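Undergrad: One structure follows; several queries about it will come next.
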Amino acid sequence: MQETEDAPQLTAQHRELLDQMLDKWSLQIMEALCDQPLRFNELRRAIPVVTQKSLTSALRRLERNGMVERVITHTRPIAVEYRISPIGRTLQGLIDALLLWTTDTLPEVEQARARFDDRQREDDDARMLR
Numbered sequence: 076m077q078e079t080e081d082a083p084q085l086t087a088q089h090r091e092l093l094d095q096m097l098d099k100w101s102l103q104i105m106e107a108l109c110d111q112p113l114r115f116n117e118l119r120r121a122i123p124v125v126t127q128k129s130l131t132s133a134l135r136r137l138e139r140n141g142m143v144e145r146v147i148t149h150t151r152p153i154a155v156e157y158r159i160s161p162i163g164r165t166l167q168g169l170i171d172a173l174l175l176w177t178t179d180t181l182p183e184v185e186q187a188r189a190r191f192d193d194r195q196r197e198d199d200d201a202r203m204l205r
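The following block contains the structure:
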């Protein structure tokens, strides 16, 4: 990336926030909540491979960072609903752009991976023959 005087610099705080937003589950949670508020078990059904512990941790990180709001509904029984916050909503376009970018570039990435894996196998085979 080209740096200019006015361009923001990647600091430890930037890396920490980006690491937390781009972790294994956060993007999927944010994508699900962009559509509508969901209760915990609804989120688990929307992302079936996430464990309860991982979902809880990710939701807490997202809430701490102000991306998600945890709302207690005063119904019987009391329920907790998660919804995207106004600051989290600002990420929707970026999330959509990332998903579009991965969709567009995935074939090229898969080809690069295959070339790399082929070279690795050839290198491994050559080492075994020595």
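Just add 75 to wherever you are in the sequence shown, counting from 1, and you've got this note's numbering. Even glycine gets a Cβ: it sits at the ideal position worked out from N, Cα and C. As the structure is a prediction and not an experimental result, all values here were calculated from the model.
With three or more beta-carbon pairs closer than 8 Å as the criterion, would you say the region 157-175 touches the region 125-133?
TA: No, the region 157-175 is not in contact with the region 125-133.
Undergrad: Based on the DSSP output, what are the partners of residue 165 in its beta bridges?
TA: Start at 1 with the first residue of the sequence shown, and residue 165 comes out as number 90. Answer is none; residue 165 lacks a bridge partner.
Undergrad: What are the start and end residues of the beta strand (DSSP E) that includes residue 154?
TA: Residue numbering aside, residue 154 sits at position 79 when the sequence shown is read from its first letter. 154-159 is the span of the beta strand (DSSP E), which, as asked, contains residue 154.
Undergrad: Under DSSP, the beta strand (DSSP E) around residue 148 begins and ends at which residues?
TA: Sequence index remark: in the sequence shown, residue 148 carries index 73 (1-based). Its beta strand (DSSP E) spans residues 143-148.
Undergrad: Report the rounded CA-to-CA distance for residue 87 versus residue 93, giving the unit in angstroms.
TA: For the purposes of this step, residue 87 is taken as the residue at position 12 of the sequence shown. For the purposes of this step, residue 93 is taken as the residue at position 18 of the sequence shown. Roughly 10 Å separates the two Cα atoms.
Undergrad: If you pair each beta-carbon of the region 183-194 with each one of the region 141-150, do three or more pairs fall below 8 Å?
TA: Result no; under three Cβ-Cβ pairs closer than 8 Å.
Undergrad: Taking Cβ positions, are residue 142 and residue 173 nearer each other than 8 Å?
TA: Taking the first residue of the sequence shown as position 1, residue 142 is located at position 67. Taking the first residue of the sequence shown as position 1, residue 173 is located at position 98. Cβ distance not < 8 Å, so residue 142 and residue 173 don't count as in contact.
Undergrad: By the three-class DSSP mapping on this structure, what secondary structure does residue 118 have?
TA: Start at 1 with the first residue of the sequence shown, and residue 118 comes out as number 43. Helix, per DSSP.
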